[in-house]
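Mapping of the sequence shown onto numbering that gives the first Met the number 0: residues 0 to 290, in sequence order. Report on the structure given below.
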Amino acid sequence: MPSNSRDIRRRIKSVKNIGQITKAMELVSAAKMRKAQAAATASRPYAKLSGELLVNLAGRTGEANHPLMNRMIEKPGISPTKILAILITSDRGLAGAFNANVINQAFGLIKNEGSKRFDFITVGKKGSGVIKRIKSQIIAAFPVKDKTITINDARPIVQIAREEFIKGTYEKVFIIFSEFVSTLVQKPNILQLLPFSTAVDAKEQEEFLFEPSADDVLETAINRAVEFRIFQSLVEAAASEHSARMVAMRNANEAAGDLIDDLSLSYNQARQAGITRELSEISAAKLAMEG
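What follows is the structure, given as structure tokens:
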């Protein structure tokens, strides 16, 4: 720690400036966090009910015939061995371990799938940068939307994933994102998007009349369910990002305050030592003159 009073004073000023920046970022992140958390929690009931509806429909219409529910579409000359992962990170840093945790989940998935090749759809520059460094192919890259996320933001991702899966390019499609638990807790998660799997309870299978047809109803329901799963992942990731950044900036602001306290103590000690030294020099000079 610098002993010179001027150096300490300069450092205190620098830390105060940084503290003002982190405080402003904390306040901005807190405002965004509240909106994102409200969006994530408000959409969860719909996501749950849409999944339950699809389970019931699949049990009564026969899911085996739908291309988004089959593990592989049988086509001559096509044997998909690749996996598509939708990786949702952030465009900016300063969010604690938010991006690192999600990216580590992606690495874990790659390891678990063995020798299978991975392609990626990335949301967020942080994820794109890492995927480029590991030499995996990015078939589409999207920025993180700074404003309120809507279902329209999910549709371009859905279109690419759906078309490539139906063509037989990929065996499976995963979403890798951070699930919002609380302001202090964000859980990195991996969700299999395609093939869309359903578990049907045979005891509850009753006869229903479908209009215009069972296949048409199932087609609409599964497309909406896939769409909403991606939308829900986007809003969960947004809530997680803003929560992590708000907490990180709060911690940085508190650390800046602690450092200012330590530097102020050192400054006062250095100043006191300087005054004591000057008094000693004056006393010594006086004694020398009297002698």
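In this text, a Cβ means the ideal position worked out from N, Cα and C, and glycines have one as well. Please read these numbers as outputs of a predicted model, since none were measured by experiment.
query                                                                                                                          : result
Whether S232 touches I87 by CB criterion (7 Å)                                                                                 : yes
Nearest residue (CA-CA) to I221, options E235, V157, V27                                                                       : V157
For F195, three-class secondary structure by DSSP                                                                              : coil
DSSP three-state assignment for E318, whether helix, strand or coil                                                            : The shown model of the chain, from 0 to 290, leaves out residue 318, and the question about it has no answer.
Collapsed DSSP secondary structure at A94 in the structure displayed                                                           : coil
For P66, three-class secondary structure by DSSP                                                                               : coil
Any non-hydrogen atom of the ligand HEM closer than 6 Å to R276 Cβ                                                             : Here there are no bound small molecules, and the ligand HEM is not part of this structure.
Contacts around G39, its chain only, beta-carbon distance under 6 Å, and the 5 residues preceding and following it disregarded : The residue asked about is misnamed: residue 39 is Ala in this sequence, not Gly. Hits under 6 Å: F179, V234, E235, A238.
D260, DSSP secondary structure in three states                                                                                 : helix
Separation of K146 from I11, as counted between CA atoms                                                                       : 36 Å
Range covered by the beta strand (DSSP E) that runs through V143                                                               : Per DSSP, V143 belongs to no beta strand (DSSP E) and is neither H nor E.
N188, DSSP secondary structure in three states                                                                                 : strand
Where the alpha helix (DSSP H) through K124 begins and ends                                                                    : 124-132
Inter-stretch contact (C-beta, 8 Å, three-pair minimum) for the stretch 243-254 and the stretch 28-37                          : yes
A251, buried or exposed, once every other Cβ within 10 Å from all chains shown has been counted against 16                     : buried
E178, enclosing beta strand (DSSP E) - first and last residue                                                                  : 169-179
CB contact flag (N98, K125, <7 Å)                                                                                              : yes
7 Å Cβ cutoff met for P194 and M68                                                                                             : yes
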